[in-house]
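Residue numbers (full-length UniProt numbering): 1 to 77.
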């Protein structure tokens, strides 16, 4: 019997958002519980977002998975 816990991950793809997706990202993070993560899918590495996440108490892991596709997994500290 396995006791391994599978983390719940919500996904938010902002590649087709017109304008700045910051508010959508922050709203999505508000709905993430302590045991969940948010996977942000973007067409570029959202470097300006990292300082905001750190200030708000989140940690993140970024990975470029294709030429114009980045996955940033964000978790509460």
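Note that CB positions come from ideal geometry on N, CA and C, so glycine has one too.
Three-state secondary structure assigned by DSSP to residue i
| i | result |
| --- | --- |
| residue 76 | strand |
Cα-Cα separation, residue i to residue j
| i | j | result |
| --- | --- | --- |
| residue 3 | residue 56 | The predicted model places residue 3 with a pLDDT of 47, which falls under 50 and marks its position as unreliable, so this point remains unresolved. |
| residue 120 | residue 67 | The question about residue 120 has no answer, for the chain in this structure spans 1 to 77. |
| residue 73 | residue 62 | 6 Å |
| residue 36 | residue 13 | 17 Å |
| residue 15 | residue 43 | 6 Å |
| residue 59 | residue 9 | 14 Å |
| residue 86 | residue 64 | Here the chain covers residues 1 to 77 and nothing more, so residue 86 does not appear. |
| residue 46 | residue 27 | 16 Å |
| residue 17 | residue 25 | 11 Å |
| residue 69 | residue 40 | 10 Å |
| residue 75 | residue 54 | 10 Å |
Complete runs of the beta strand (DSSP E) confined to the UniProt domain "DUF2249" (11 to 75) [at least 3 residues]: The DSSP assignment places 36 to 42 and 58 to 66 as complete runs of the beta strand (DSSP E) inside the UniProt domain "DUF2249" (11 to 75), in order along the chain (cut-off: 3 residues).
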